[in-house]
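Chemist: Here's a structure for you.
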Amino acid sequence: MQPSFDRTHEDLGNAIHLEHVNVQVPDQRLATLFYVAGLGLTRDPYLMVSDGNMWVNVGRGQFHLPSGAPQVLRGHTGIVIAGREALLDRLASVAKKLDGTAFAFSEHNDYVEAVCPWGNRVRCHEPDAARFGRITLGIPYVEFEVPAGTAQGICAFYREVMGIPAEHRNGDGTVARARMGKDQYLLFRETDRPQPDYDGHHVQMYITDFSGPYRRLQHRGLVSQEDNQYQYRFRDIVDPADGRHLFTVEHEVRSATHPMYLRPLVNRNPAVTNRTYAHGHEQWDWAMGPDQFDER
């Protein structure tokens, strides 16, 4: 009998990759202790190698950490990283050196939450193909906390202005979920809690229809920055029905022809040290092996 498949499960829409989260940090040394020594991630060895910026690789994604007044994302970044006990050991090992900062970490049923020295929250999940796809290291989502009553409009904005599939969910809170690529999402969770003013942090995505959203954004006066031929930015998310402002976070929008699209990223295996060194084990296998292939 011929198998039947739901082909819509593989539709991505316009966005094909959520690459990086950018927050300024005032101290590169403390950032290294948290993101590299504590979380176990890898500083990019090729780009931004001075003390004015640091790119930290997370599978095929990155944190960008330029020097400056601290910025704090209004929500949290979700990462997948294997080895919960090893992660807890690494975070405990940097705690003394980060004493006096906002650094903290805590265990929860299905994640470990780590807080950077300036208050950015990172939720660390074990690999789970059903939830996050076949990654063992990566950024499957970024979640923002947004005012009550905005999720429906946020969904409409991504669908109508950006050409990105988005759905409104009611379950564990009211959430707008916009698909950024294969097994990657921006989440906007409604809350009644007051939020701090926007401080300039941003997320970056690659899209295939580069000019269509640009025209629609420009028509609404929402293009905030013209970077180059391959990249522009916008900050404000509005309800396309009436123009009502819903939320602000800068989106760095790149074309799929951008020179850095799918640039190979180096990811180390933090379990390998000078005491445990073995040839061929330095690199992290950021995707699950063929024995765990999804046979849907």
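Numbering (my numbering), first residue to last: 6 to 301. For every residue, glycine included, the Cβ atom is placed at its ideal position computed from N, Cα and C.
1. Measuring CB to CB, does H224 end up less than 8 angstroms from R238?
2. On the DSSP letters alone, give me the boundaries of the alpha helix (DSSP H) that Y219 sits inside.
3. Since R79 sits in a beta bridge, which residues does DSSP pair it with?
4. State the Cα-Cα distance for the pair I242 and D232, rounded to the nearest angstrom.
5. When you compare the region 106-117 with the region 55-66, are there three or more beta-carbon pairs, one atom per stretch, that lie closer than 8 angstroms?
6. Quick check: the region 77-93 against the region 121-133, are there 3 or more CB pairs under 8 angstroms?
7. Given a cut-off of 8 angstroms on the beta-carbon distance, is the pair R182 and E172 in contact?
8. As a quick exercise: from L46, I212, R136 and Q200, pick the residue whose alpha carbon is nearest that of V127.
9. I think M210 touches L23, with their Cβ atoms under 8 angstroms apart; what is that distance to the nearest whole Å?
10. Assign Q33 to one of three DSSP states: helix, strand, or coil.
11. Hey, is the region 27-34 in contact with the region 177-192, meaning 3+ C-beta pairs nearer than 8 angstroms?
12. Tell me the DSSP secondary structure of I159 in three-state form.
13. Taking the straight line between their C-alpha atoms, what separation do you get for N19 and P170?
14. Which residues in the same chain have their Cβ closer than 6 angstroms to the Cβ of R95, if we skip the five residues on either side of it in sequence?
15. For D241, which beta-bridge partners are listed by DSSP?
16. Quick check on V117: does DSSP put it in helix, strand or coil?
17. Taking E148 as part of the beta strand (DSSP E), name the residues at either end of that continuous run.
18. Which first and last residues belong to the beta strand (DSSP E) in which R89 is found?
19. Is it the case that the Cβ atoms of I144 and G83 are separated by a distance below 8 angstroms?
20. What separation, rounded to the nearest whole angstrom, lies between the Cα atoms of I220 and V54?
21. To the nearest angstrom, report how far apart A153 and Y190 are at their CA atoms.
22. Assuming R268 is part of the alpha helix (DSSP H), what are its boundary residues?
23. So for V63, helix, strand or coil by DSSP?
24. Can you find the residues in the same chain that come closer than 8 angstroms, C-beta to C-beta, to V77, ignoring five residues on each side of it along the sequence?
25. Would you please state the rounded distance, in angstroms, between the beta carbons of A246 and A161? I believe it to be under 8 angstroms.
26. Between the alpha carbons of R136 and D188, how many angstroms are there, rounded?
27. For Y211, which residues does DSSP report across the bridge?
28. Please report the Cβ distance between R65 and W291, rounded to the nearest whole angstrom; I am assuming they are in contact, meaning their Cβ atoms lie under 8 angstroms.
29. So what does DSSP say about E165, is it helix, strand or coil?
Modeler: So, to answer that:
1. No, these two residues do not count as a Cβ contact at 8 angstroms.
2. First-last of the alpha helix (DSSP H) with Y219: S216 to H224.
3. Note: R79 sits in no beta bridge, so no partner.
4. Answer to the nearest angstrom: the Cα atoms are 19 angstroms apart.
5. Between the region 106-117 and the region 55-66 there are fewer than three inter-stretch CB-CB distances shorter than 8 angstroms, so the stretches are not counted as touching.
6. Using a Cβ-Cβ distance cut-off of 8 angstroms, the region 77-93 and the region 121-133 are in contact, since at least three pairs of beta carbons, one from each stretch, lie closer than that value.
7. In this structure, E172 lies closer than 8 angstroms to R182 by Cβ.
8. Nearest of L46, I212, R136 and Q200 to V127, Cα basis: L46.
9. The beta carbons of M210 and L23 sit about 5 angstroms from each other, so the pair counts as a contact at 8 angstroms.
10. Residue state, collapsed to three classes: helix.
11. As far as the Cβ criterion goes, the region 27-34 does not touch the region 177-192, which means the pair count is below three.
12. Helix at I159.
13. Taking the Cα positions, N19 is about 8 angstroms away from P170.
14. Spatial neighbours of R95 in its own chain (CB-CB distance under 6 angstroms, excluding positions within 5 residues in sequence) are listed in chain order as G43 and G45.
15. D241 is bridged to T253.
16. Annotated three-state conformation of V117 is strand, per DSSP.
17. Counting along the chain, E148 sits inside the beta strand (DSSP E) bounded by residues L142 to P152.
18. Unbroken run through R89 is the alpha helix (DSSP H), R89 to V99; no beta strand (DSSP E).
19. Contact annotation: I144 and G83 have beta-carbon atoms nearer than 8 angstroms.
20. Reading off the sequence shown, one finds Arg at residue 220, where the question assumed Ile. Between the C-alpha atoms of R220 and V54 there is a straight-line separation of about 36 angstroms.
21. Answer to the nearest angstrom: the Cα atoms are 20 angstroms apart.
22. No alpha helix (DSSP H) contains R268, which DSSP labels as neither H nor E.
23. In the structure shown, V63 sits in a strand (DSSP, three-state: E or B).
24. Spatial neighbours of V77 in its own chain (CB-CB distance under 8 angstroms, excluding positions within 5 residues in sequence) are listed in chain order as V28, W123, G124, N125, P201, D204 and H206.
25. Right, their Cβ atoms sit about 7 angstroms apart.
26. The alpha-carbon atoms of R136 and D188 are separated by roughly 8 angstroms.
27. Per DSSP, H22 and R259.
28. Yes, they are in contact, since the Cβ atoms of R65 and W291 sit about 7 angstroms apart, within 8 angstroms.
29. Annotated three-state conformation of E165 is helix, per DSSP.
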